[in-house]
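Here's the structure, in structure tokens; my notes come after.
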Amino acid sequence: MSTATFPTYLLNRLMVIGFCFIPWISQIQAQQVEKNPEKPFNILFIAVDDLRPQLNCYGKSKMVSPNIDRLASEGVLFERAFCMVPTCGASRASLMTSIRPTRTRFTTYLTYAEKDAPGIVPLNTYFKQNGYTTVSLGKVYHHKDDHAEGWSEPAWRPRTQAYKLEENMKIVRSQAGKGKKARGPSYESADAPDEEYPDGLLAQQAMEQLSQLSKNEEPFFLAVGFIKPHLPFVCPQRDWDLYSEEEIQLPPNFARPEDVPQEALHNSGELRAYSDIPAKGPIPEETCRKLIHGYYACVSFTDRQIGKVLQKLEDLNLKENTIVVLWGDHGWNLGEHNLWCKHCCFETSMHIPLIVRVPGLSEGQGSYALIETVDIYPTLCDLAGIALPTHVQGKSFLPILQDPTLAGKETAIGRFRDGDTVRTDKFRYSEYTDKKGKLLGKMLFNHKQDPEEDQNLAEQKKNQEKVSELSNYLKESKKINP
Ligand SMILES: [Ca+2]
Numbered sequence: 101m102s103t104a105t106f107p108t109y110l111l112n113r114l115m116v117i118g119f120c121f122i123p124w125i126s127q128i129q130a131q132q133v134e135k136n137p138e139k140p141f142n143i144l145f146i147a148v149d150d151l152r153p154q155l156n157c158y159g160k161s162k163m164v165s166p167n168i169d170r171l172a173s174e175g176v177l178f179e180r181a182f183c184m185v186p187t188c189g190a191s192r193a194s195l196m197t198s199i200r201p202t203r204t205r206f207t208t209y210l211t212y213a214e215k216d217a218p219g220i221v222p223l224n225t226y227f228k229q230n231g232y233t234t235v236s237l238g239k240v241y242h243h244k245d246d247h248a249e250g251w252s253e254p255a256w257r258p259r260t261q262a263y264k265l266e267e268n269m270k271i272v273r274s275q276a277g278k279g280k281k282a283r284g285p286s287y288e289s290a291d292a293p294d295e296e297y298p299d300g301l302l303a304q305q306a307m308e309q310l311s312q313l314s315k316n317e318e319p320f321f322l323a324v325g326f327i328k329p330h331l332p333f334v335c336p337q338r339d340w341d342l343y344s345e346e347e348i349q350l351p352p353n354f355a356r357p358e359d360v361p362q363e364a365l366h367n368s369g370e371l372r373a374y375s376d377i378p379a380k381g382p383i384p385e386e387t388c389r390k391l392i393h394g395y396y397a398c399v400s401f402t403d404r405q406i407g408k409v410l411q412k413l414e415d416l417n418l419k420e421n422t423i424v425v426l427w428g429d430h431g432w433n434l435g436e437h438n439l440w441c442k443h444c445c446f447e448t449s450m451h452i453p454l455i456v457r458v459p460g461l462s463e464g465q466g467s468y469a470l471i472e473t474v475d476i477y478p479t480l481c482d483l484a485g486i487a488l489p490t491h492v493q494g495k496s497f498l499p500i501l502q503d504p505t506l507a508g509k510e511t512a513i514g515r516f517r518d519g520d521t522v523r524t525d526k527f528r529y530s531e532y533t534d535k536k537g538k539l540l541g542k543m544l545f546n547h548k549q550d551p552e553e554d555q556n557l558a559e560q561k562k563n564q565e566k567v568s569e570l571s572n573y574l575k576e577s578k579k580i581n582p
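For reference, each letter of the sequence shown is one residue, going 101 to 582 in the numbering used here.
Below, the structure is given as structure tokens:
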């Protein structure tokens with residue numbers, strides 16, 4: 101496959117968009133797309149379920165993630181990227197449509213993008229319409245049949261049981277038919293090969309798919325959605341062995357905060373559905389350490405699968421004309437504020453990993469620009485030389501990929517249930533309202549002084565001006581996306 105070198109291609113693109121930042125809500129009219137005389141780059145679009153930005157390349161832990169680290173060393177690592185709504189289906193629907201969530205749109209993990217935002221052309225469909233072969237493997241949308249028209253072939257998912265140990269499958273079977281989803285324990289380590297796990301099969305399928313796609317004339321948009329480190333933390337023993345029990349520590353703020361609104365907290369219900377976790381009350385500290393260990397192990401397991409796919413891309417000589425985007429659908433609480441899973445407006449739930457590797461462009465740089473996941477759709481359009489559709493609510497960050505020192509946008513907005521939240525360079529402000537708009541509570545954290553969000557400043561007299569400013573900002577944004 102031959103193509104123009106990226107710098108030439110990028111210069112052409114930047115001349116077309118004139119370095120202009122597209123307005124926050126794009127009003128640019130969709131134009132009839134002219135076929136680019138140069139073959140556009142392929143896109144490898146890697147989603148990782150429930151991956152928080154605690155990878156080694158983010159410099160925050162001893163997590164073993166050599167393959168994602170290498171990708172980051174060859175691309176741009178975004179230090180401050182945020183999801184729009186911290187739960188699987190809703191976050192993915194928002195990212196894939198570049199439409200923001202509201203109180204009634206994109207609200208749960210079961211969200212269907214095509215039902216909540218009818219008539220909106222999502223990312224995959226748009227790229228298909230513009231001449232790409234589009235393929236979905238694994239968990240991309242929450243539902244395999246969401247926006248099925250936008251894939252060139254039926255979406256594919258691995259089919260294999262979650263647990264490898266018979267004792268755990270027995271627990272699942274014993275719960276079957278009791279009126280709720282049968283769940284086994286929250287973690288497992290087994291001496292099984294990668295290919296017996298869903299993500300191992302997914303990596304295999306992605307490698308085979310790349311071989312096929314490399315023979316096509318058309319560029320491809322290959323979406324590969326890994327499901328670990330989503331619960332349950334089931335992966336091979338070799339990944340657990342990368343970490344010693346002794347080095348697993350509970351977070352310093354492993355306590356339920358008393359100065360935040362009740363609406364900001366939850367009971368970690370997703371975790372409590374597993375057979376080894378108490379339905380209510382404290383979770384034993386030993387179990388909590390196991391959960392953190394299991395999460396780390398699953399991240400390393402997924403990192404290894406991602407490494408196989410990236411190596412295949414290289415082996416097929418596709419690396420130099422393929423853009424790679426790696427993103428997590430939301431953050432994850434590993435005991436901070438005594439919370440587990442996502443489903444809240446704390447930074448730990450909203451903050452995601454995002455790495456973009458564009459051949460020949462800003463290799464190995466980091467960016468502190470605020471990025472929202474609705475920005476990914478317009479950025480990929482810019483990189484591909486495709487006009488933006490009129491509905492897009494994100495802003496292209498192509499200028500930041502070109503110069504990662506640029507400041508970018510001033511805010512990242514998100515929401516979950518009764519909570520609306522906004523992140524600025526310095527603050528995170530969240531407020532909770534009922535359906536009629538009555539204020540239930542608020543939180544203000546100063547990230548320069550308190551990155552762990554341990555002190556709610558919203559009630560302090562000296563901060564009232566900042567609280568009003570950010571509260572008004574949220575109110576204005578809700579006029580567009582109620
Ligand atoms: Ca998820």
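We put the CB at the ideal spot given by N, CA and C, even for glycine.
Three or more Cβ pairs drawn from the segment 457-477 and the segment 418-425 lie within less than 8 Å of each other, which places the two stretches in contact.
It is roughly 44 Å from the alpha-carbon of Glu-510 to the alpha-carbon of Ser-375. A Cβ-Cβ contact shorter than 7 Å links Trp-340 with Ala-397. Where His-393 is concerned, the enclosing alpha helix (DSSP H) starts and stops at 385-415. Close to ligand 1, as judged by a C-beta nearer than 5 Å to any of its heavy atoms, are the residues Asp-149, Asp-150, Cys-188, Asp-429, in chain order. Nearest neighbour of Ala-193 by Cα position, chosen from Gly-175, Ala-217, Thr-204, turns out to be Ala-217. When DSSP states are grouped into helix, strand and coil, Gln-465 belongs to the strand group.
The criterion of a C-beta distance shorter than 7 Å is satisfied by Tyr-532 and Pro-361. Sequence-distant Cβ neighbours of Lys-566 in its own chain, meaning closer than 7 Å and more than five residues away, are Phe-527, Leu-544. The segment 512-531 makes contact with the segment 432-452: 3 or more CB pairs, one atom from each, lie closer than 8 Å. In the same chain as Ile-348, and ignoring 5 residues on each side of it, the C-beta atoms closer than 6 Å to its own belong to Arg-389, Ile-392, His-393, in chain order. Rounded to whole angstroms, the gap between the alpha carbons of Val-399 and Pro-329 is 5 Å.
Asp-245 and Leu-210 have their C-alpha atoms some 12 Å from each other. Less than 7 Å separates the beta-carbon of Gln-337 from that of Asp-291. Nearest neighbour of His-247 by Cα position, chosen from Thr-521, Tyr-226, Lys-380, turns out to be Tyr-226.
Annotated three-state conformation of Ala-355 is coil, per DSSP. Under a 10 Å Cβ-count criterion, Arg-356 is classified as exposed, with fewer than 16 other Cβ atoms of the shown protein chains found around its own Cβ. In the assembly as shown, Ala-512 is a buried residue. Its beta-carbon has 16 or more other beta-carbons within 10 Å. DSSP, read as helix, strand or coil, puts Arg-152 in coil. Of the other Cβ atoms in all chains shown, 16 or more fall within 10 Å of the Cβ of Asp-475; this residue is therefore buried. In terms of CA proximity to His-243, Gly-325 leads the group Gly-325, Leu-570, Leu-371, Asn-230.
The alpha helix (DSSP H) runs of length 4 or more contained entirely in the segment 213-249 are, from start to end of the chain, 213-216, 223-229. In this model, Arg-372 and Pro-378 are separated by some 6 Å (Cα to Cα). Thr-197 sits buried, since 16 or more C-beta atoms from the chains shown fall within 10 Å of its C-beta.
Minimum Cα-Cα distance from Lys-380 among the listed residues Ser-571, Leu-439, Leu-434, Trp-427 corresponds to Leu-439. Remark: C-beta atoms of Glu-288 and Tyr-468 do not approach each other more closely than 7 Å. Residue state for Asp-429 is assigned as coil, using DSSP reduced to three classes. Counting along the chain, the unbroken alpha helix (DSSP H) around Leu-301 starts and ends at 298-313. Non-local C-beta neighbours of Val-164 in its own chain, meaning closer than 6 Å and more than five positions away in sequence, comprise Leu-342, Ser-400, ordered along the chain. For the pair of segments examined, the segment 479-495 was found not to touch the segment 152-167: the number of CB pairs separated by less than 8 Å stays below three.
Using a 10 angstroms sphere on the CB of Ser-311, the tally of other CB atoms stays under 16, which defines it as exposed. Per DSSP, Cys-445 lies in no beta strand (DSSP E) and is assigned neither H nor E.
Close CB contacts of Leu-223 within its chain, under the 6 Å cut and outside five residues either way in sequence, are with Met-196, Tyr-477 (chain order). Looking at the backbone, the Cα of Asp-518 and that of Tyr-395 are separated by about 28 Å. If you look at Ser-161, you'll find it isn't in any beta strand (DSSP E); DSSP assigns it neither H nor E. Between the C-alpha atoms of Phe-321 and Ile-220 there is a straight-line separation of about 19 Å.
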